[in-house]
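If you read the sequence shown in the working numbering, its first letter stands for residue 245, the second for the next number, and so on.
Note that the Cβ used here is the ideal one computed from N, Cα and C, for glycine as well.
For clarity, every value in this text was computed on a predicted model and none was experimentally measured.
To start, the structure under review is shown below, and the notes come after it.
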Amino acid sequence: MSRVYNFSAGPAVLPEEVLKEAAEEMLDYNGSGMSVMEMSHRSKVFDEIIQTAEADLRDLLKIPDNYKVLFLQGGASQQFAMIPMNLMKNRVADYIVTGQWAKKAWQEAQKYGTANKIASSEDKTFSYIPDCSDLPISLDADYVYICENNTIYGTKYKTLPNTKGKILVSDVSSCFLSEPMDIEKYGIVYGGVQKNVGPAGLVIAIIREDLITEDVLPGTPTMLTYKTHADANSLYNTPNCYGIYICGKVFKWLKKQGGLEAMKERNEKKAKVLYDYLDSSKLFKGTVEPASRSLMNVPFVTGDKELDAKFVKEAEAAGLVNLKGHRTVGGMRASIYNAMPIEGVEALVEFMKKFEKENA
245 MSRVYNFSAG PAVLPEEVLK EAAEEMLDYN GSGMSVMEMS HRSKVFDEII QTAEADLRDL
305 LKIPDNYKVL FLQGGASQQF AMIPMNLMKN RVADYIVTGQ WAKKAWQEAQ KYGTANKIAS
365 SEDKTFSYIP DCSDLPISLD ADYVYICENN TIYGTKYKTL PNTKGKILVS DVSSCFLSEP
425 MDIEKYGIVY GGVQKNVGPA GLVIAIIRED LITEDVLPGT PTMLTYKTHA DANSLYNTPN
485 CYGIYICGKV FKWLKKQGGL EAMKERNEKK AKVLYDYLDS SKLFKGTVEP ASRSLMNVPF
545 VTGDKELDAK FVKEAEAAGL VNLKGHRTVG GMRASIYNAM PIEGVEALVE FMKKFEKENA
């Protein structure tokens, strides 16, 4: 078996150890005589899987008792509607637009009320995080919304915005569990797991309990009301059982690595290898302002579209796959999530050096 180094932005690389364990348990999970894919979500066996997964996640993130953990479906994109439906009591919300996903969330919120764009970095192709220390926060805003790590553009908030007392809602899809977080600074934190935590099809939302009420916008479907899922412990309907099972294994793996402090250290070390090379290269250059650089997603270009295409093709032949950048940035993008070993980043840099020499 030959494994490649997979730099995909999502669905993305998972820890090999987790995949091997899941393979071993595919036909018979824990003596149950069946696969997790086949078992009832109401069974005792699955109840233990979901409860353990939640307990481990709470432990990793030090989630306070007054926050609920929900395992939801519909992708992060469904949260773009769920959030205003559940939180927009005054029909006003403030959005900081730092990339495509924040922009889509802002556009969706306009269907439910006034969604103010209070800051943006679109003027420079989302290549930086704007100063959020003193923003024109609306007096009647129900919440302030951010996308904390921008997968496409490779930017990350290093300091959370000053929301002047308003609830902070954050999409953390592509930086979830890559470093410690202070959950109490947020009203809602949510992320699609397919970038850094598990397989596609599952969203984890961590929501402060006082925000989970029956007081939602008129016409909000039962399935899009947080209270529906909170009251049923994420089992109102059949959840993504297999996704939850794999995430549970990833949580165990993260704890085994030393938790989120250790992951942050590892991720900083990995990113430094790539950024240091980009800063010294004459052929390749990063597209993000250094102060806003993400540890998870690193876009870079040569400045020549044909050369970029050649690089992607030759890298793939060398076992370095999914390096093509998003169409709005062009060039290349290396997503170096938790499960990407440092050897993968080192192999990429060695290949880049070789390519630079051959194409100087």
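- Taking buried to mean at least 16 other C-beta atoms within 10 Å of its own C-beta, is Asn-603 buried or exposed? That one is exposed.
- Taking Asp-309 as the reference, give the member of Glu-352, Glu-453, Gly-574 with the closest Cα. Residue Glu-453 holds the alpha-carbon nearest to the alpha-carbon of Asp-309 among Glu-352, Glu-453, Gly-574.
- Touch check for the stretch 282 to 298 and the stretch 484 to 491: three-plus C-beta pairs under 8 Å? Cβ pair count under 8 Å is three or more, so yes.
- Give the straight-line distance between the Cα atoms of Lys-557 and Ile-490, rounded to the nearest whole angstrom. Across the structure, Lys-557 and Ile-490 are spaced so that their CA atoms are roughly 32 Å apart.
- In angstroms with no decimal places, state the Cα-to-Cα distance between Asn-440 and Glu-392. C-alpha separation (whole angstroms): 14 Å.
- Item | 8 Å Cβ cutoff met for Val-532 and Gly-398 | Their beta carbons are under 8 Å apart, which means Val-532 touches Gly-398 by this criterion.
- When Ile-307, Ser-377, Ala-559 are compared against Ile-448, the one with the closest alpha-carbon: Measuring C-alpha to C-alpha distances from Ile-448 to each of Ile-307, Ser-377, Ala-559 identifies Ile-307 as the nearest.
- Item | Per-residue burial, Glu-298 [other beta carbons within 10 Å of its own, 16 or more giving buried] | With 16 or more Cβ atoms within 10 Å of its Cβ, Glu-298 is classed as buried.
- Length of the line joining the Cα atoms of Met-467 and Tyr-521: Answer to the nearest angstrom: the Cα atoms are 48 Å apart.
- Item | Asp-459 burial status per 10 Å Cβ neighbour count (16 or more: buried) | When all chains shown are included, Asp-459 counts as exposed.
- Message: Residues in the same chain with beta-carbon distance under 6 Å from Asn-330, minus the five sequence neighbours each way, listed in chain order, please.
- Response: Cβ neighbours of Asn-330 beyond the five flanking positions: Val-460, Tyr-470.
- Item | Complete alpha helix (DSSP H) runs within the stretch 271 to 314 (minimum length 4 residues, chain order) | As far as the stretch 271 to 314 is concerned, its whole alpha helix (DSSP H) runs of at least 4 residues are 288 to 305.
- First and last residue of the beta strand (DSSP E) that includes Gly-436? Annotation: the continuous beta strand (DSSP E) that includes Gly-436 extends over 432 to 436.
- Task: Compute the distance between the beta-carbons of Met-507 and Asn-582, then report whether it is under 8 Å.
- Result: Yes, Cβ-Cβ distance for Met-507 and Asn-582 is below 8 Å.
- Return the CA-CA distance between Leu-404 and Cys-376, expressed in angstroms with no decimal places. Each residue's alpha carbon lies about 8 Å from the other.
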